[in-house]
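Residue numbers (the numbering used here), protein chains in the order written: chain H, 115 to 487; chain D, 115 to 487.
All residues carry an ideal CB built from backbone N, CA and C; glycine is no exception.
Structure, as structure tokens:
There are 2 protein chains.
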Amino acid sequence: MTPAKKKKRPMGGGAVPRRGRAAGMPRKPTISDVAEVAGVSKSTVSLVVRNNPIVSDGARKRVLEAMTKLGYVYNRGAANLRMASSSAIGVIVNDLTNSFFAELAVGIDMIVQSAGFVQLLANTGESIDRQREVIASMREHGVSGMIITPVHGTSVEDLKPLVDSGMPIVVAVRDIPGLHATRVMPENRKGAYEAGRYLLGLGHRRIGFLGGFADTAVFQTRLQGLKDSLKEAGIHLEDRFMIPSNASRAGGSAAMRRLLQLEERPTACLCINDAVAFGACDGLRSAGIEPGREFGVIGFDDVAEASCAVPALTTISVDPQALGRRVAQLLLRQVSAGRVDQELVTTPIRLVVRESCGAPWRDTGPGGEKPAG
Amino acid sequence: MTPAKKKKRPMGGGAVPRRGRAAGMPRKPTISDVAEVAGVSKSTVSLVVRNNPIVSDGARKRVLEAMTKLGYVYNRGAANLRMASSSAIGVIVNDLTNSFFAELAVGIDMIVQSAGFVQLLANTGESIDRQREVIASMREHGVSGMIITPVHGTSVEDLKPLVDSGMPIVVAVRDIPGLHATRVMPENRKGAYEAGRYLLGLGHRRIGFLGGFADTAVFQTRLQGLKDSLKEAGIHLEDRFMIPSNASRAGGSAAMRRLLQLEERPTACLCINDAVAFGACDGLRSAGIEPGREFGVIGFDDVAEASCAVPALTTISVDPQALGRRVAQLLLRQVSAGRVDQELVTTPIRLVVRESCGAPWRDTGPGGEKPAG
DNA sequence: CTGAAAGCGCTTACAG
DNA sequence: CTGAAAGCGCTTACAG
């Protein structure tokens, strides 16, 4: 074993000023330093770092000791540069203050962490400009894949350069039809179908469909799911029970008022989203009807705030953490396989009865004709 | 101008297999490629990339054209390696499903993004093991600073190696007393003081303090704030109005039951956290008293769920986004100055009257003696 | 204003 | 099993 050589580290052409380190701080140790202390070559240290069993036990032991002695920290950036790979994936979320997306990020993080990757997370706050900047930034940082819940109004063109660059990406929750990338969407039809079954199970027979506009895919899919469940029970969803409106709270309120004016009016409704469901509850209350207890209201949990604001509201939602895990797995599979998939994947949907402020609706039975308590 | 030279790129000792790229994918262009196409040297391209005005307009133009033509993407990892700096900061959060911390992350992200940094976000889910792993991982990824909301039970020793390494860190929300790092904590005393003033302003004169145990710093600080406000109004907080308990929902319920048994009982209380406040409301309801309307309840919003579950509950909380922005600024200041601060910073606290399910409490006036409506 | 060269901290055939 | 050398994609004095 040759004695450890003092390496000179000449500060030749590229004298490095070590920006980012406090003036007096000692230089961070590198594998060369470790090799020197352990009396082996850099290669050997590199093998030890990556747990290659080829190294002799003695050498390994000396290397490990040297590492702890020096407080060595592996520089993954340098390794990534050399290997032309990266151990980071980018996660771009349209609104992290929305707990749905926060939970989604948590689910993603679980998988990403346990796969030894690190998550670059950016929040776009529904800003298309910020989304563009963030995508560019993450590409520069060399992420090996990206998960995006696009901001509203994102077009195929916005994401095409990214996809064309060969970057594995998964688009989640909000679809961008026609994009050649993996897209993971909730099973709207199944959710609406189960909502219908749920209401039927509670004894409802006249069920309305509120909010949204008929020329959107999401409207048609959700409506179809409801119709399917009703048809199974031999019930036809009457057109007059189908009331389009803005997919907003105000829209829901107006739609509910129209619904309540019908003869033989429904005793329950399915709303296109939770904002509309809020509005439907507003409309019921202003008519002196208690939502939930006297009139069944279910909304798709798109805006993901239903749990707080409407006590007795039943929501249809995806388990966001499970969705996050699924999405991350789909991405990592592509990353490790070195190829890009273009599948459309749907995710299961659950009916969630929120037990928030008031008594949950399911405790009250079929209701609808029952006078206020 | 010499004609563009074909660089050979010999695959000598270190033939790079290009892991992480699909088989047929073309190599990503580098500044050498851009230089070749633009007919300039690498140095010039580098100067253009970083917007150095020293480059002639003609050269700049040709470089920019070459970049768009090739679809060049800056490799920040390589630049960081060379500059021994990094444009990433690590954010380690104990529970991202808690909307308080999600909002915190959003605030951090805002500052981090606009400073041109990228955020590595990891969720520990209150696991000390995961926290240790994540800290190690982020160090390996070369973050230039870290923001941590530590998991419960984190000790000074857990974070000391990190601090000793010279890494700028900011510990937020949960204090680790004795750690030589910037720590940003809510102003508990001021919050309690303002809660007291708020209750006094509503006409309350007998105010209780519920939950927690007297041997904790947080208990003493919050209690002191309440006492201060009462003293200003010439009121002494009676010891019997101070009821310690587990800082849980069950604890709060038990404490409230004890409080209600007192002669000349209080008409309002301040709770050590929102879980206790939930419990206090439970206790009130089981005694037939409507919380908020008939009995003032304020809780510190530590668990950050108050807004959903207790309609009429007043909470004392920090604006988490503002806190996040503040924290990020404190970190970035250290990062760019290349030094490490060890200050203890407190953040302002606000009284928030939640307008969730029921009528907000402030609409009901002093209350407390008023019979149930 | 531009080019050639060195080096950031790693990994990887290759020769011993 | 170990060592010397080349190179990942950048930046930076330095010489022209």
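When the five nearest sequence neighbours on each side are left out, the beta carbons in the same chain lying within less than 8 Å of the beta carbon of residue 242/D are those of 265, 267, 268 and 272, in order along the chain. Flagged as an interface residue toward chain H: residue 216/D, by a C-beta distance shorter than 7 Å.
Between residue 460/H and residue 437/H, the gap from beta carbon to beta carbon reaches 7 Å or more.
Under DSSP, the beta-bridge partners assigned to residue 202/H are 232/H. Contact annotation: residue 238/H and residue 208/H have beta-carbon atoms nearer than 7 Å. Within chain H, the residues placing a beta-carbon under 8 Å from that of residue 223/D are 210, 235, 236 and 237, ordered along the chain.
Cβ contact annotation for residue 398/H (same chain, cutoff 8 Å, sequence separation greater than five): 370, 374, 404, 405, 408, 409 and 411, in chain order. Secondary structure in the region 432-458 of chain D: the alpha helix (DSSP H) runs of 4 residues or longer, each lying completely within the stretch, are 434-451 in chain order. Taking a Cβ-Cβ threshold of 8 Å, the residues of chain D close to residue 255/H are 190, 191, 201, 202 and 232, in chain order. A straight line joining the alpha-carbon of residue 227/D with that of residue 335/H spans about 38 Å. Within chain D, the residues placing a beta-carbon under 7 Å from that of residue 219/H are 210, ordered along the chain. In terms of CA proximity to residue 372/D, 322/D leads the group 362/D, 350/D and 322/D.
When the five nearest sequence neighbours on each side are left out, the beta carbons in the same chain lying within less than 7 Å of the beta carbon of residue 364/D are those of 393, in order along the chain.
In this structure residue 296/H touches residue 444/H by the C-beta definition: roughly 5 Å separates them, less than 8 Å. Burial of residue 215/H is indicated by the presence of at least 16 other C-beta atoms within 10 angstroms of its C-beta. Here residue 168/H is exposed, its C-beta having fewer than 16 other C-beta atoms within 10 Å.
Counting along the chain, the unbroken beta strand (DSSP E) around residue 299/D starts and ends at 296-300. When C-beta distances to chain D are compared with 8 Å, the residues of the region 258-278 of chain H below that value are 258 and 275, in chain order.
By the neighbour-count criterion, in which a residue is buried when 16 or more other Cβ atoms sit within 10 angstroms of its Cβ, residue 194/H is buried. A straight-line Cα-Cα distance of about 12 Å links residue 221/D and residue 432/D. Close to residue 251/H, with beta-carbon spacing below 7 Å, are these residues of chain D in chain order: 232.
According to the DSSP assignment, residue 181/H belongs to the alpha helix (DSSP H) that extends over 171-184. Residue 367/H is not bridged by DSSP to any residue.
Counting the other Cβ atoms within 10 Å of the Cβ of residue 387/H gives 16 or more, which makes it buried.
DSSP places residue 344/D within a helical segment (H, G or I) once states are collapsed to three. Under the three-pair Cβ rule at 8 Å, the region 335-348 of chain D counts as touching the region 301-319 of chain D. Among the residues facing chain D, residue 187/H is included, as its CB has a counterpart in that chain under 7 Å away. When DSSP states are grouped into helix, strand and coil, residue 222/H belongs to the helix group.
In the displayed model, residue 382/D falls within a strand according to three-state DSSP.
Annotated as proximal: residue 256/H and residue 200/H, with beta-carbon spacing under 7 Å. In the structure shown, the three-state DSSP call for residue 252/H is helix. Sequence-ordered contacts of the region 145-165 of chain D with chain H are nonexistent [C-beta pairs closer than 9 Å]. Among the CB atoms of chain D, one or more fall inside 7 Å of the CB of residue 213/H. Going by C-alpha positions, residue 337/D is about 20 Å away from residue 291/D. When 465/H, 458/H, 457/H and 449/H are compared, the shortest CA-CA separation from residue 282/H is found for 449/H. About 6 Å separates the Cβ atoms of residue 441/D and residue 261/D, confirming a contact at the 8 Å cut-off.
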